Amino acid sequence: MTEPKTVTRIAKTRMRHNGRRYQPGDTVELTPAQAAHHERRGHVEPASAPAPSTGGRGRKTEPTPAPANGEPPK
């Protein structure tokens with residue numbers, strides 16, 4: 638039998654899961670069903686939307702350097 642897929646969530650509140658105690662900000666490994674259960678109750682952050690994929694066809698861009706005069710970019 639295969640292992641269930643796990644997802645990572647960030648704890649929002651103090652919680653216990655599988656005999657461990659988690660503080661806010663800790664990462665928690667959960668199955669999708671467990672993650673949904675804890676998300677509904679507000680114990681963990683919901684999953685963030687995945688970053689848009691370019692399908693490997695996009696090119697990486699360098700961040701725009703700040704101007705030398707110290708003004709924020711427009």
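In the numbering used here, the protein residues as written are 638 to 711. Here a beta-carbon is modelled for each residue, glycine too, at the ideal position from N, C-alpha and C. No experiment lies behind these values; they were computed from the predicted model shown.
**OP:** Measure the CB-CB distance between residue 675 and residue 665 and report whether it falls below 9 Å.
**Re:** yes
Subject >> Local Cβ density within 10 Å of residue 646, reported as buried at 16 or more and exposed below that >> reply: buried
Original post:
Using the beta-carbon count (16 or more within 10 Å), is residue 672 buried or exposed?
Top reply: buried
**OP:** Report yes if the CB atom of residue 713 is closer than 9 Å to the CB atom of residue 669, and no otherwise.
**Re:** The structure shown does not extend to residue 713, since the chain is modelled only from 638 to 711, so the question has no answer here.
**OP:** Buried or exposed for residue 648, please, with buried defined as at least 16 other CB atoms from any protein chain shown within 10 angstroms of its CB.
**Re:** buried
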